[in-house]
Amino acid sequence: MVKNTSIRLSHRELFTGFFQAGILGFGGVLPVARYMIVEQRRWMTQVQFNDLFSLCQFLPGANIVNLSFAFGARQRGVTGAAAAVGGLLGAPVAIVLVLGALYARYGGLPVARHGLAGLAAAATGLMLGTALKIATPVCTRVSNAVLAALVFALVMFLHLSLPLTIALMLPVSVFFAWRAA
Amino acid sequence: MMLTALALLFGKLSLLAVGGVNSTLPEIAREVVSVHHWLTPAQFAQLFAISNAAPGPNVMISTVIGAHVDGVAGGIVATLAMILPAGVLAMAVSRVWERYREARWRRVLQAALLPVTAGLIVAAAGVLVRQADTGVLTAAITVVCAWVSWRTKVHPLWLLTGGALVGLVVF
Chain A
8 MVKNTSIRLS HRELFTGFFQ AGILGFGGVL PVARYMIVEQ RRWMTQVQFN DLFSLCQFLP
68 GANIVNLSFA FGARQRGVTG AAAAVGGLLG APVAIVLVLG ALYARYGGLP VARHGLAGLA
128 AAATGLMLGT ALKIATPVCT RVSNAVLAAL VFALVMFLHL SLPLTIALML PVSVFFAWRA
188 A
Chain B
12 MMLTALALLF GKLSLLAVGG VNSTLPEIAR EVVSVHHWLT PAQFAQLFAI SNAAPGPNVM
72 ISTVIGAHVD GVAGGIVATL AMILPAGVLA MAVSRVWERY REARWRRVLQ AALLPVTAGL
132 IVAAAGVLVR QADTGVLTAA ITVVCAWVSW RTKVHPLWLL TGGALVGLVV F
């Protein structure tokens, strides 16, 4: 994967890139956004993306919206953030407003229900595949794999809330990272 | 008045949404259904389905609620209130984060965040899978899409189109 630490994007590139991610992001933007940033346009390496994404995940708000703010601001300051976030949200906000009106009239039709069911199943699969893509390089170290598995189990099987899981597991993780550093 | 109420409510929810919007859904439902009486529980579920069917990030639950309460202006105000406080915080923290890139505490914290993030994101996907897939066919679509997107660089749109077409033809 190419190193892209020195890349400097224009407002137009930020807007169109995130526009593409927003308008194609059915059932969650993370898969399309990661594809666009890491695999297609190579704005960040896999490692850089994981670093920024993990930071955004611990801050309040939607992960990818936060990532658009932070990435846009790093590239072009506040106006860069506005370009990235405006690109990400412009089309989806317009679409959801129209869709709300359409759904009220036609949502019960079988064609709409069946297509949406298939779309939702595919979107769920994409979310899982992208999650595994993010987790795989992190879990090559044994201690990381064990920590990630514990976090997974706490949320998935013990139904702990996110803030509680973070409060429990982050200190443990810091301890291991401190010893390894 | 309505726009001010929407801005205040979603501005507050924005900073409460640790772990993403989906983990804040119960709190959003409590506020708009039980506290403000803007929606019935059934209307909330319907609006949530609409926001999921549209492309885009899941902050758009605030767009559809805002639009339901006060039209297009309400939708836009609620969306901005939901993204701006958290976004400004993200820009500020990410700037500090960049400045201390070489600091030891920063590298330790970064290394510590990664495995927790990995666990959280796979668990979030797992919860989604558990809620979404009720039949054999939807489960099959999910598994195939998960494997292909994990192991290949196929554009996500092909998988989404394929899933929708299979749904139309087979269901």
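Protein sequences, first through last, are from chains A and B. So for the first sequence, the working numbering puts the first residue at 8; every next one is plus one. So for the second sequence, the working numbering puts the first residue at 12; every next one is plus one. Every residue, glycine too, gets a C-beta built ideally from N, C-alpha and C. Keep in mind the model is a prediction, meaning the values are calculated, not measured.
Own chain, CB closer than 6 Å to residue i, minus 5 neighbours either side, in chain order
{"i": "residue 176 (chain A)", "result": "158"}
{"i": "residue 9 (chain A)", "result": "In this prediction, residue 9 (chain A) has a pLDDT of 44, which is less than 50 and means its spatial position is unreliable; nothing more can be read from the coordinates."}
{"i": "residue 29 (chain B)", "result": "none"}
{"i": "residue 62 (chain B)", "result": "71, 72 and 75"}
{"i": "residue 87 (chain B)", "result": "none"}
{"i": "residue 52 (chain B)", "result": "44"}
{"i": "residue 161 (chain A)", "result": "167 and 172"}
Coarse secondary structure for residue i, derived from DSSP in three states
{"i": "residue 8 (chain A)", "result": "Note that residue 8 (chain A) scores 39 on pLDDT, short of 50, meaning its location in the model is unreliable and no value can be drawn from it."}
{"i": "residue 104 (chain B)", "result": "helix"}
{"i": "residue 181 (chain B)", "result": "helix"}
{"i": "residue 29 (chain B)", "result": "strand"}
{"i": "residue 50 (chain A)", "result": "coil"}
{"i": "residue 15 (chain A)", "result": "coil"}
{"i": "residue 186 (chain A)", "result": "helix"}
{"i": "residue 79 (chain B)", "result": "helix"}
{"i": "residue 146 (chain A)", "result": "coil"}
{"i": "residue 158 (chain B)", "result": "helix"}
{"i": "residue 153 (chain B)", "result": "helix"}
{"i": "residue 78 (chain A)", "result": "helix"}
{"i": "residue 12 (chain B)", "result": "coil"}
{"i": "residue 181 (chain A)", "result": "helix"}
{"i": "residue 45 (chain B)", "result": "helix"}
{"i": "residue 113 (chain A)", "result": "helix"}
{"i": "residue 111 (chain B)", "result": "coil"}
{"i": "residue 159 (chain A)", "result": "helix"}
{"i": "residue 165 (chain B)", "result": "coil"}
{"i": "residue 51 (chain B)", "result": "coil"}
{"i": "residue 22 (chain A)", "result": "helix"}
{"i": "residue 35 (chain B)", "result": "helix"}
{"i": "residue 137 (chain A)", "result": "helix"}
{"i": "residue 123 (chain A)", "result": "helix"}
Chain A residues whose Cβ lies nearer than 9 Å to that of residue i
{"i": "residue 121 (chain B)", "result": "58, 61, 62 and 184"}
{"i": "residue 118 (chain B)", "result": "184 and 188"}
{"i": "residue 137 (chain B)", "result": "135, 138, 159, 162 and 163"}
{"i": "residue 90 (chain B)", "result": "96 and 100"}
{"i": "residue 36 (chain B)", "result": "Under the 9 Å cutoff, chain A gives no residues; its nearest Cβ is about 12 Å from residue 36 (chain B)."}
{"i": "residue 43 (chain B)", "result": "By Cβ distance, chain A contributes nothing, its closest Cβ being about 15 Å from residue 43 (chain B), past 9 Å."}
{"i": "residue 154 (chain B)", "result": "132 and 135"}
Beta-bridge pairing of residue i - partner residues as DSSP gives them
{"i": "residue 33 (chain A)", "result": "B:66"}
{"i": "residue 67 (chain A)", "result": "B:29"}
Neighbourhood of residue i by C-beta distance below 8 Å, restricted to the same chain and skipping five residues each side
{"i": "residue 26 (chain B)", "result": "96, 97 and 100"}
{"i": "residue 42 (chain B)", "result": "20 and 24"}
{"i": "residue 140 (chain A)", "result": "41"}
{"i": "residue 16 (chain B)", "result": "47"}
{"i": "residue 159 (chain B)", "result": "165 and 170"}
Cβ shell of residue i (< 7 Å), same chain only, five flanking positions each side left out
{"i": "residue 32 (chain B)", "result": "69, 70 and 72"}
{"i": "residue 28 (chain A)", "result": "36, 39, 40, 43 and 95"}
{"i": "residue 40 (chain B)", "result": "55"}
{"i": "residue 130 (chain A)", "result": "33, 34 and 35"}
{"i": "residue 113 (chain A)", "result": "119"}
Chain A residues whose Cβ lies nearer than 8 Å to that of residue i
{"i": "residue 51 (chain B)", "result": "Residues of chain A passing the Cβ test: none, with the nearest at roughly 15 Å."}
{"i": "residue 109 (chain B)", "result": "81"}
Within chain A, partners of residue i - CB distance below 7 Å
{"i": "residue 39 (chain B)", "result": "Result: empty, since nearest Cβ-Cβ is about 13 Å, beyond 7 Å."}
{"i": "residue 71 (chain B)", "result": "99, 100 and 103"}
{"i": "residue 85 (chain B)", "result": "The contacting residues do not exist; residue 85 (chain B) stays about 10 Å from chain A at best."}
{"i": "residue 174 (chain B)", "result": "125, 126, 128 and 129"}
{"i": "residue 61 (chain B)", "result": "103, 106, 107 and 110"}
{"i": "residue 31 (chain B)", "result": "69 and 70"}
{"i": "residue 76 (chain B)", "result": "Per Cβ cutoff of 7 Å: no residues; residue 76 (chain B) is ~10 Å from chain A at best."}
Closer than 7 Å at the beta carbon, the chain B residues around residue i
{"i": "residue 141 (chain A)", "result": "129 and 132"}
{"i": "residue 65 (chain A)", "result": "124"}
{"i": "residue 76 (chain A)", "result": "98, 101 and 102"}
{"i": "residue 145 (chain A)", "result": "125, 126 and 129"}
{"i": "residue 91 (chain A)", "result": "Per Cβ cutoff of 7 Å: no residues; residue 91 (chain A) is ~10 Å from chain B at best."}
Chain-ordered neighbours of residue i on chain B, where CB pairs are closer than 8 Å
{"i": "residue 121 (chain A)", "result": "178, 179 and 182"}
{"i": "residue 102 (chain A)", "result": "65, 66 and 67"}
{"i": "residue 42 (chain A)", "result": "164, 166 and 167"}
{"i": "residue 34 (chain A)", "result": "63 and 171"}
Contact list for residue i against chain B, beta-carbon separation under 9 Å
{"i": "residue 31 (chain A)", "result": "66, 166, 167, 168 and 171"}
{"i": "residue 173 (chain A)", "result": "29, 30, 127 and 131"}
Within chain E, partners of residue i - CB distance below 7 Å
{"i": "residue 176 (chain A)", "result": "Among the chains of the structure shown, chain E does not appear; the protein chains present are A and B."}
Query raised in the report: Taking one C-beta from the segment 55 to 73 of chain A and one from the segment 78 to 88 of chain B each time, how about it: are there three or more such pairs within less than 8 Å?
Result: Between the segment 55 to 73 of chain A and the segment 78 to 88 of chain B, the count of C-beta pairs closer than 8 Å stays below three; the two stretches do not touch.
Report task. Decide yes or no for the touch test of the segment 163 to 180 of chain B against the segment 125 to 132 of chain A: beta carbon pairs closer than 8 Å, at least 3 of them. Result -> Counting C-beta pairs with one atom in each stretch, the segment 163 to 180 of chain B and the segment 125 to 132 of chain A have three or more that are closer than 8 Å, which means they touch.
Query - Cβ pair count under 8 Å reaching 3, the segment 138 to 155 of chain A against the segment 66 to 74 of chain A - result: Contact between the segment 138 to 155 of chain A and the segment 66 to 74 of chain A is absent, because fewer than three Cβ pairs lie under 8 Å.
Query raised in the report: Pairing CB atoms from the segment 115 to 123 of chain B with CB atoms from the segment 89 to 108 of chain A, are three or more of them under 8 Å?
Result: Verdict: no, contact absent.
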